[in-house]
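Taking it in order: structure first as structure tokens, then the write-up.
In my numbering, the protein residues as written are 11 to 134.
Following this line, the structure appears as structure tokens:
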């Protein structure tokens, strides 16, 4: 194994910060029909370190941006999407505020939540 001592390895090191090129490898659409390949944070860092070592430089203007999957709605592989940079970001989904609801709306919300109660708290 002494002959491998001179082989360079993309070791992410001990840094907890993501490498500056790590987002380049977030959910890369390489598979047929644009299906993305998921890489975890350590794999993205390792690829980013390697690309910088071989001379990758960020010089072109950004053309695409990353949309993470919406909360509770995931694509296969739990991947987000890459979209053109000029596409408007979707509205962030939020939880409704019961204080702003009418009594009828609150009752409807209670009924909807009660339907999930059996699944959330099964009895033995």
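We put the beta carbon where it would ideally sit given N, CA and C, even for glycine.
On a predicted model such as this, the values are computed, not experimentally measured, just so you know.
Does the beta carbon of residue i sit closer than 9 Å to a beta carbon anywhere in chain D?
i: residue 128; result: The structure shown contains no chain D; it is built from a single protein chain.
Sorted by chain position, which residues of the same chain lie with C-beta nearer than 7 Å to residue i's C-beta, five sequence neighbours on each side aside?
i: residue 66; result: 31
i: residue 50; result: none
Might you give, ordered along the chain, the residues of its own chain that have their beta carbon closer than 6 Å to the beta carbon of residue i, omitting 5 neighbours on each side?
i: residue 39; result: 46
Candidates the options: which alpha carbon is nearest residue i's?
i: residue 35; options: 71, 75, 102 and 133; result: 75
i: residue 52; options: 116, 112, 28 and 120; result: 28
i: residue 107; options: 120, 96, 95 and 98; result: 120
i: residue 44; options: 111, 71 and 91; result: 91
To which residues of the same chain is residue i closer than 8 Å at the C-beta, ignoring the five residues directly before and after it?
i: residue 61; result: 31 and 34
Since residue i and residue j should fall inside the 8 Å C-beta cutoff, what is the C-beta to C-beta distance between them, to a whole number of angstroms?
i: residue 20; j: residue 54; result: So it is not a contact: roughly 11 Å between Cβ atoms.
i: residue 93; j: residue 77; result: 6 Å
i: residue 130; j: residue 89; result: With 8 Å as the limit, residue 130 and residue 89 do not qualify as a contact, their Cβ atoms being about 27 Å apart.
i: residue 103; j: residue 80; result: 6 Å
Entirely within the region 61 to 132 and at least 4 residues each: give me those alpha helix (DSSP H) ranges in chain order. Within the region 61 to 132, the complete alpha helix (DSSP H) runs of at least 4 residues are 113 to 130.
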